[in-house]
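**Student:** Those sequence lines, one after another, are chains A and R.
Numbers 4 to 105, taken from our numbering, label the letters of the first sequence in order.
Numbers 294 to 959, taken from our numbering, label the letters of the second sequence in order.
Note that CB positions come from ideal geometry on N, CA and C, so glycine has one too.
Pasting a structure here, questions to come.
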Amino acid sequence: MSVVPVSYYLVLSAILFGLGVVAFVFKRNIITIFMAIELMLNAVNLAFVAFARAWNQLDGLVFVFFVIVVAAAEAAVGLAIVMTIVHNRQTLNVERVDLLKL
Amino acid sequence: MFLLNHLWIILALPLLGAAANGLLGKHWPKSAVNGVAVGSVSLAFLAVAETVREFFQLAPQQIPYVSNYFTWMTAGNFRVDFSLQVDQLTVVMLLVVSFVGLLIHIYSTGYMAHEGGYYRFFSYLNLFMFFMLTLVLGANLIVMFVGWEGVGLCSYLLIGFYFLKKSAADAGKKAFIVTRIGDFGFTVGILLVFFTFGSVAFGDIFKQVSTWPSDAMGQWGTLTIICLLLFTGAIGKSAQLPLYVWLPDAMEGPTPVSALIHAATMVTAGVYMVARMNPLFSRAPSAMLAVAIVGAVTAFYSATIGLCQTDIKKVLAYSTVSQLGYMFLGCGVGAYAAGIFHLMTHAFFKGLLFLAAGSVIHAMGGDQEMFHMGGLRKKIPITFWTMFAATLAIAGAPGFAGFFSKDEILEAARSGPHANFSLWLLGIAGAGITSFYMFRLLFLTFFGKPRYDEHKVHVHESPRSMTIPLILLALLSVGGGWVAAPHFAGGVDYFEKFLHPVFSTYAPADTSMPDATMLPGPGEEATAGAGMEIVHALTGWPVIVALIGFLLAWWFYIKNTDIPKKIAKSAGGLYTLVYHKYYVDEIYLAVIVRPLLWISTNVLWHVVDEGIIDGTLHGIARGARESGEEARQLQSGNARSYAAWVVIGAVGFTVLLLVLWTKVVQ
Chain A
4 MSVVPVSYYL VLSAILFGLG VVAFVFKRNI ITIFMAIELM LNAVNLAFVA
54 FARAWNQLDG LVFVFFVIVV AAAEAAVGLA IVMTIVHNRQ TLNVERVDLL
104 KL
Chain R
294 MFLLNHLWII LALPLLGAAA NGLLGKHWPK SAVNGVAVGS VSLAFLAVAE
344 TVREFFQLAP QQIPYVSNYF TWMTAGNFRV DFSLQVDQLT VVMLLVVSFV
394 GLLIHIYSTG YMAHEGGYYR FFSYLNLFMF FMLTLVLGAN LIVMFVGWEG
444 VGLCSYLLIG FYFLKKSAAD AGKKAFIVTR IGDFGFTVGI LLVFFTFGSV
494 AFGDIFKQVS TWPSDAMGQW GTLTIICLLL FTGAIGKSAQ LPLYVWLPDA
544 MEGPTPVSAL IHAATMVTAG VYMVARMNPL FSRAPSAMLA VAIVGAVTAF
594 YSATIGLCQT DIKKVLAYST VSQLGYMFLG CGVGAYAAGI FHLMTHAFFK
644 GLLFLAAGSV IHAMGGDQEM FHMGGLRKKI PITFWTMFAA TLAIAGAPGF
694 AGFFSKDEIL EAARSGPHAN FSLWLLGIAG AGITSFYMFR LLFLTFFGKP
744 RYDEHKVHVH ESPRSMTIPL ILLALLSVGG GWVAAPHFAG GVDYFEKFLH
794 PVFSTYAPAD TSMPDATMLP GPGEEATAGA GMEIVHALTG WPVIVALIGF
844 LLAWWFYIKN TDIPKKIAKS AGGLYTLVYH KYYVDEIYLA VIVRPLLWIS
894 TNVLWHVVDE GIIDGTLHGI ARGARESGEE ARQLQSGNAR SYAAWVVIGA
944 VGFTVLLLVL WTKVVQ
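Here you go:
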């Protein structure tokens with residue numbers, strides 16, 4: 004049985020991450036941006052798992068669990084924020100939310 | 294030995310008085326302010342008296358009695374202790390300062406009774422006492438310097454006491470700035486003392502210098518330079534040529550201030566300092582000659598200005614400058630004790646002259662112009678008689694205080710170890726002029742017909758708080774010289790004998806202190822007797838010139854009152870020159886002040902300050918503002934653009950890492 008080389012996984016991870024970045028930067032819908040963040044996190048997870056497998060180390064897997072936990076928490080908080088924004092502005096367009104400017 | 298071990302009490306009393314009056318006095322009645330001010334100074338005087346009593350119980354080897362309280366500052370091997378000391382010189386100064394200070398405090402309660410800012414005045418006056426006592430008690434140059442600068446500050450505050458009057462505020466600034474020129478030299482001198490001796494404590498300096506050889510005459514050794522620098526400070530503080538110009542203007546202050554600060558005590562600080570540093574000066578004959586020349590020339594020069602002044606206080610101011618010149622002449626010819634003796638008698642009679650002048654001004658309702666006075670003798674008899682005594686004392690009438698001290702100085706200038714005939718001649722001429730202008734003042738003020746409007750000015754004798762200090766000072770002006778009197782009969786000069794240890798312990802071996810005539814030992818009676826004849830022959834001169842001065846003044850201002858005008862007319866240019874004080878203020882204005890102002894305005898202000906300093910700062914500020922203006926465009930508030938920047942940064946950082954990594958690998 005031929006083993007899939009690590010580089011395959013890494014390339015896939017990089018592609019997924021890149022897609023996430025592009026979506027994050029260019030999409031305007033907050034929900035889509037949210038999904039792009041999830042995509043990037045999972046791309047990173049994939050890279051971690053691949054490395055853990057390649058070097059037979061558990062550290063990478065531990066990291067993945069942490070990332071999943073953080074992602075869950077972030078989804079909870081983030082969706083709450085999205086709800087509030089929608090409630091206040093009746094829009095999902097991120098361009099309309101520019102209060103970070105002083 | 295309680296007070297001798299707690300010298301700080303003498304300083305703490307007036308300081309507490311100053312603080313109490315300064316902080317709380319505004320809300321107190323005048324009697325409370327009086328009580329605090331006069332009370333603290335009386336207690337200080339009592340403390341001084343007790344200290345002196347204890348001092349006389351010390352064994353000679355315990356003197357100077359130094360008390361070290363704490364180390365004030367250390368840096369490397371530079372170390373300054375807050376330490377005070379008492380020796381014979383300090384005792385004399387302490388007694389003079391605290392006693393004259395006390396009398397003038399009492400006088401001020403009467404003189405300032407109707408003035409605003411009463412509590413402020415007494416707070417400053419107490420503060421002055423604190424600093425002046427610090428100056429004379431300090432056991433090293435730095436503590437002395439604190440007192441030195443402190444009295445300068447109080448002088449500034451009190452000259453400008455009527456600060457709403459522009460001339461008074463200006464005079465205060467002038468005094469402060471002109472003395473600052475001298476103080477610069479003084480500071481450099483102190484630094485040079487430290488670099489040379491590694492210490493600023495008097496004891497250490499004197500012990501080290503006692504093994505040094507004297508500089509030769511005309512040689513620019515370290516000692517000569519140190520002494521000249523220190524003397525620069527004395528020139529500023531004691532108003533000698535060429536820095537005397539501040540003292541006449543200082544008469545803008547209230548008259549008790551003129552008496553205490555600008556006649557009796559502060560201005561004599563320079564003389565005290567020169568006498569204190571005598572082991573150094575005695576080893577620097579060129580510096581000594583400089584001191585003597587400056588003193589003698591100032592004594593003569595400012596006496597001539599006094600001839601033509603018409604403001605009663607201005608006459609006394611120039612007279613003070615002149616008398617300080619005599620003190621320096623005394624120190625410069627090696628007769629330190631005579632200089633200090635004159636300092637003491639001068640404190641009595643000049644303090645009295647100013648206080649009496651204040652009483653006259655009080656009686657005249659504030660007018661200081663002598664040509665508006667006249668005939669006051671009968672109306673204010675106490676003021677007249679006390680001022681008469683002081684005039685006799687300053688003119689050098691035999692038996693009065695000034696006679697003894699001035700004669701000792703002139704005698705030392707003529708026959709002492711550093712005798713100099715031309716300086717003696719200047720001194721004698723100055724003595725004659727002194728006698729003339731003082732009797733001129735007396736005659737113009739108290740004799741002749743009244744020149745004021747008798748219906749408008751109600752001349753009245755001053756209250757008792759003012760006349761009692763006058764009487765006490767008059768007694769001292771008459772009798773204060775007799776401590777040295779036996780000297781003139783060939784006996785012991787107690788004053789000189791008392792101060793002898795201060796001026797002989799560290800004296801250079803090659804200079805014989807003039808103790809052969811002063812302190813005749815067994816078997817030396819014959820030489821002393823021979824010396825006395827010379828002394829008698831020469832002490833005649835000051836008396837003769839004083840008499841000439843008196844007779845001329847009498848002839849000019851009582852007998853033929855139109856003579857002065859005729860002389861003024863025939864002398865023409867010379868009279869105008871002297872009347873305008875040799876145009877020195879104008880010359881300083883043209884040569885120093887104006888160019889300085891021009892350079893300050895056109896170079897330092899417009900070019901250096903506005904151009905270079907402001908330009909740099911404003912340039913930096915503008916750069917920050919403009920770059921910020923550009924950079925703030927980045928902060929759009931749009932989360933997506935932030936994300937884009939994060940991505941660009943991450944990519945850029947990764948590329949950078951890759952480049953560096955490939956470099957490392959290669």
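1. Quick one: Cα of MET581/R to Cα of ARG670/R, how far?
2. Is the separation between the beta-carbon of ILE33/A and that of ILE88/A shorter than 8 Å?
3. Among ILE673/R, ALA650/R, LEU716/R, MET680/R, which one has its Cα closest to the Cα of VAL626/R?
4. Do PHE454/R and ALA461/R have their C-beta atoms closer together than 8 Å?
5. At what residue ranges does the stretch 884 to 912 of chain R contain a whole run of the beta strand (DSSP E), taking only runs of 3 or more?
6. Assign ILE961/R to buried or exposed, taking buried as 16 or more other Cβ atoms, counted over all protein chains shown, within 10 Å of its Cβ.
7. Would you please verify whether the beta carbon of THR94/A is less than 8 Å from any beta carbon of chain R?
8. Under three-state DSSP, which class holds THR94/A?
9. Near LEU377/R, what residues of its chain come up, given a Cβ to Cβ distance below 6 Å and the 5 sequence neighbours on each side ignored?
10. Please name the residue, chosen from LEU521/R, PHE593/R, PHE423/R, that lies closest to HIS312/R on a Cα-to-Cα basis.
11. Taking 8 Å as the threshold (beta carbon to beta carbon), is PHE27/A in contact with chain R?
12. Report the CB separation of TRP693/R from PHE739/R in whole angstroms; it is logged as a contact under 8 Å.
13. Who are the near neighbours of HIS655/R in its chain, counting only those whose CB is closer than 6 Å to its CB and skipping five residues on each side?
14. Going by beta-carbon coordinates alone, are LEU102/A and GLY930/R separated by less than 8 Å?
15. Would you mind listing the beta strand (DSSP E) stretches within the stretch 727 to 774 of chain R that are 3+ residues and don't spill past its ends, in chain order?
16. So the candidates are VAL471/R, ILE586/R, GLY514/R; which of them puts its Cα closest to the Cα of ASP542/R?
17. Residues of the stretch 920 to 952 of chain R in Cβ contact with chain A at a cutoff of 8 Å, in chain order, please.
18. Any Cβ of chain R within less than 8 Å of the Cβ of GLU41/A?
19. According to DSSP, is SER863/R helix, strand or coil?
20. Please classify MET86/A as buried or exposed, where buried requires at least 16 other C-beta atoms within 10 Å of its C-beta.
21. Can you check whether the C-beta of LEU98/A is within less than 8 Å of a C-beta belonging to chain R?
22. So ALA568/R and LEU382/R are in contact, right, with Cβ under 8 Å, and what is the actual spacing, rounded?
23. Strictly under 8 Å for the Cβ-Cβ distance: is VAL89/A near chain R by that measure?
24. Taking 8 Å as the threshold (beta carbon to beta carbon), is ASP101/A in contact with chain R?
25. Closer than 8 Å, CB to CB, is VAL166/A near chain R or not?
26. So PRO801/R and ARG576/R are in contact, right, with Cβ under 8 Å, and what is the actual spacing, rounded?
27. Please go through the same chain and pick out, in chain order, the residues whose beta-carbon is closer than 6 Å to the beta-carbon of CYS520/R, but skip the five residues on each side of it.
28. Less than 6 Å between C-beta atoms, sequence neighbours within five positions excluded: which residues of the same chain meet that for MET620/R?
29. Classify ALA368/R as helix, strand or coil using the three-state DSSP reduction.
30. Could you check whether the Cβ of VAL24/A sits closer than 8 Å to any Cβ belonging to chain R?
31. What are the boundary residues of the alpha helix (DSSP H) that includes LEU13/A?
32. Buried or exposed, going by whether 16 or more other CB atoms sit within 10 Å of the CB of ALA39/A?
33. I'd like to know if the stretch 389 to 403 of chain R and the stretch 640 to 648 of chain R are in contact, where contact means that at least 3 CB-CB pairs between them fall below 8 Å.
34. In this structure, how does DSSP classify ALA494/R when only helix, strand and coil are distinguished?
35. When DSSP labels each residue in this structure, what does LEU297/R get in the three-state scheme?
**Tutor:** Reading off the structure:
1. Whole-angstrom Cα-Cα distance: 44 Å.
2. A contact, by the Cβ cut-off of 8 Å.
3. Looking at the Cα atoms, LEU716/R is the closest of the given residues.
4. Going by C-beta atoms, PHE454/R is nearer than 8 Å to ALA461/R.
5. Note on the stretch 884 to 912 of chain R: there is no whole beta strand (DSSP E) run with a minimum of 3 residues.
6. Look at the range of chain R in this structure, 294 to 959, and you will see that residue 961/R is not part of it.
7. Contact of THR94/A with chain R is not assigned, every C-beta pair being separated by 8 Å or more.
8. In the three-state reduction of the DSSP assignment, THR94/A falls in the coil class, being assigned neither a helical nor a strand state.
9. Cβ within range, chain order: LEU300, SER360, LEU430, ALA432.
10. According to the sequence displayed, residue 312/R carries Ala and not His. When only C-alpha atoms are compared, the closest one is PHE423/R.
11. Closer than 8 Å to the CB of PHE27/A there is at least one CB belonging to chain R.
12. Note that residue 693/R corresponds to Phe in the displayed sequence, not to Trp. With 8 Å as the limit, PHE693/R and PHE739/R do not qualify as a contact, their Cβ atoms being about 18 Å apart.
13. Once the five neighbours on either side are set aside, the close Cβ partners of HIS655/R are SER755.
14. Result yes, Cβ atoms of LEU102/A and GLY930/R sit closer than 8 Å.
15. None, since the stretch 727 to 774 of chain R contains no complete beta strand (DSSP E) of that length.
16. Of the residues VAL471/R, ILE586/R, GLY514/R, the one whose Cα lies closest to the Cα of ASP542/R is VAL471/R.
17. So the close ones are GLN928, SER929, GLY930, ASN931, ALA932, ARG933, TYR935, ALA936, ALA937, VAL940.
18. No, GLU41/A does not count as interfacial toward chain R.
19. Residue state, collapsed to three classes: helix.
20. Exposed.
21. Sequence check: residue 98/A is Glu here, not Leu. Interface residue, yes.
22. About 6 Å separates the two Cβ atoms, so the contact holds.
23. No, its Cβ sits nowhere closer than 8 Å to a Cβ of chain R.
24. Judged by the 8 Å Cβ criterion, ASP101/A is in contact with chain R.
25. Since the displayed chain A opens at 4 and closes at 105, residue 166/A lies outside it and no answer follows.
26. That belief holds up - the Cβ atoms of PRO801/R and ARG576/R are roughly 5 Å apart, short of 8 Å.
27. Excluding residues within five positions, the ones whose Cβ falls inside 6 Å are LEU573, PHE574, ALA577, ALA580.
28. By the criterion of a C-beta distance shorter than 6 Å, MET620/R is surrounded in its chain by VAL564, GLY632, HIS635, LEU636, once the five residues flanking it on both sides are discounted.
29. Strand at ALA368/R.
30. With 8 Å as the cut-off, VAL24/A counts as an interface residue toward chain R.
31. Here the alpha helix (DSSP H) through LEU13/A covers 9 to 29.
32. Note on ALA39/A: 16 or more other CB atoms within 10 angstroms of its CB, so buried under the neighbour-count rule.
33. Short answer: they touch.
34. In the three-state reduction of the DSSP assignment, ALA494/R falls in the strand class, which pools E and B.
35. Note: LEU297/R maps to helix in three-state DSSP.
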